[in-house]
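Chains as they are written, first to last, in the working numbering: chain A, 1 to 150; chain B, 1001 to 1150.
Scroll down for the structure; my scribbles are underneath it.
There are 2 protein chains.
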Amino acid sequence: MAKNDHSYDTLKLKNQVCFPLYACSKELVRQYTPYLKELNLTYTQYIVMMVLWERETVSSRELAECLHLDYGTLTPVLKRLDQAGYLTRERAENDERLLTLKLTEGGRKLKDKAAEIPSAIAECMGLTMEEFGVLYTLTYKALKNMEERQ
Amino acid sequence: MAKNDHSYDTLKLKNQVCFPLYACSKELVRQYTPYLKELNLTYTQYIVMMVLWERETVSSRELAECLHLDYGTLTPVLKRLDQAGYLTRERAENDERLLTLKLTEGGRKLKDKAAEIPSAIAECMGLTMEEFGVLYTLTYKALKNMEERQ
DNA sequence: CGCAATTTACTTGTGCACAATTATATTAAA
DNA sequence: TTTAATATAATTGTGCACAAGTAAATTGCG
């Protein structure tokens, strides 16, 4: 055997933190699905709407940055949300490159319907308040560390 | 306003644990990409190979279960790994429905090349050993709780 | 036994997700 | 001011990811 046993142990699925993180993230999106279906949204569309519910207006570039999504993903998502009547896409007057997104009345109405979702999802996960806090802190810490490597 | 301020606060991106989990998972897969490119694997293909490196043989059904993937995802992934020569797909003799996957010599060779990946990724995340442990425990706990709701 | 229910896997369709490329507008530098 | 560099966004191509529907083998019940 070329390597010692220890170096292979790290390749076992049960010794990897990456896998439960990946699986948990997918499972979470799956739990959202039935709730979001009532709003005719996917999870990705939902997080875009969350930004707009909070800010009313946002540039495409800022959105891409805060959601960690590139334009290859964002462009078609924004097109669908525009077609659904939840937001508008306009070019900035002073700079034709910039795309400005604005919440519409239709999009604003969704916010009421969505208000009960976070607590429902939290219940699905079944963690204590303290555990949620720890999970939040650690995922953001790892995210920040990985960002800095780009 | 139909709802009180508090119920809307939960809809803010920065108050959601789901979002950093989702973003962290994607960022992790992105960090894997350059390492896995040298092995000609995607992340999903990599976790399939991890199971085979550990077990040599596994049924398609068991694989789907332990990776939390359905056949719609798994079938094409397994086809590509078969074409790449990393595994074989055979029907079980006693039950023609069952698909048995077996690691090939070519697939086994990849294991050596992959041995250094876990520590490289761990370094990217920049967490302490203790933090890794906590993250592992919490994500598996949430995963288990969500599974039980199906 | 004969047939309904179940299990396993595949197929189809939709929507991310991202790398790589392209297009256009703006800014900066020579 | 012309041109090179940069910034913003769209496009293209590949590969997940999953719901819904289909197909075939097996099991179990009458």
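Glycine included, every Cβ here is placed at the ideal spot set by N, Cα and C.
CB contact check: residue i to chain B, cutoff 7 Å
i         : result
GLU54(A)  : yes
THR10(A)  : yes
ALA142(A) : yes
PRO118(A) : yes
THR42(A)  : no
TYR35(A)  : no
GLU65(A)  : no
LEU87(A)  : no
MET1(A)   : Any reading at MET1(A) must be qualified, since the residue scores a pLDDT of 49, below 50, and its modelled position is unreliable; no value is offered.
GLU123(A) : no
VAL17(A)  : yes
LEU74(A)  : no
GLN31(A)  : yes
Close beta carbons around residue i, own chain, < 7 Å, minus the five adjacent residues each side
i          : result
LEU1052(B) : VAL1058, LEU1087, LEU1101, LEU1103 and GLY1107
VAL29(A)   : TYR43
ALA84(A)   : ASN40
Given residue i as reference, the closest of the options once Cα atoms are compared
i          : options                                           : result
LYS113(A)  : MET125(A), MET50(A), ARG89(A) and ASN145(A)       : MET50(A)
THR73(A)   : VAL48(A), LYS109(A) and ARG89(A)                  : VAL48(A)
LEU99(A)   : THR75(A), LEU110(A), LEU41(A) and GLU105(A)       : THR75(A)
LEU1141(B) : GLU123(A), GLU56(A) and ARG97(A)                  : Checking the sequence shown, residue 1141(B) turns out to be Lys, not Leu. Nearest of GLU123(A), GLU56(A) and ARG97(A) to LYS1141(B), Cα basis: GLU123(A).
THR42(A)   : MET125(A), GLU93(A), LEU78(A) and SER60(A)        : LEU78(A)
LEU13(A)   : GLU1148(B), ALA1120(B), CYS1066(B) and LEU1013(B) : CYS1066(B)
ASN15(A)   : GLU1105(B), ILE1121(B) and ARG1091(B)             : ILE1121(B)
GLU54(A)   : GLU148(A), ALA115(A) and MET125(A)                : ALA115(A)
SER1025(B) : SER60(A), MET125(A), GLU93(A) and HIS68(A)        : HIS68(A)
ARG1149(B) : SER60(A), MET125(A) and ARG149(A)                 : MET125(A)
Other residues of its chain near residue i: CB distance less than 6 Å, five sequence neighbours each side excluded
i          : result
TYR1046(B) : LEU1036
Where residue i sits in the DSSP three-state scheme
i          : result
LYS14(A)   : helix
LEU103(A)  : strand
LEU87(A)   : strand
MET1(A)    : Residue placement at MET1(A) is poorly supported in this model, since its pLDDT is 49, which falls under 50; the coordinates are not used for a value here.
MET49(A)   : helix
THR1042(B) : coil
THR1128(B) : coil
Contact check, residue i vs residue j, beta carbons under 7 Å
i          : j          : result
LEU1143(B) : GLU27(A)   : yes
THR10(A)   : PRO1118(B) : yes
PHE1132(B) : VAL17(A)   : yes
ARG89(A)   : ASP82(A)   : yes
MET146(A)  : GLN1031(B) : yes
LEU1039(B) : LEU1110(B) : yes
Closer than 7 Å to chain A by CB, residue i
i          : result
THR1128(B) : no
ALA1023(B) : yes
VAL1058(B) : no
GLN1083(B) : no
ARG1108(B) : no
VAL1048(B) : no
TYR1136(B) : yes
GLU1062(B) : no
GLU1131(B) : yes
GLU1038(B) : no
THR1100(B) : no
Neighbourhood of residue i by C-beta, 8 Å cutoff - its chain only, sequence neighbours within 5 removed
i          : result
ASP1070(B) : ALA1064
GLU56(A)   : LYS102 and LEU103
LEU135(A)  : LEU127
ARG1080(B) : GLN1045
MET1001(B) : Residue confidence for MET1001(B) is low, a pLDDT of 48 falling below 50, so the modelled location carries little weight and cannot support an answer.
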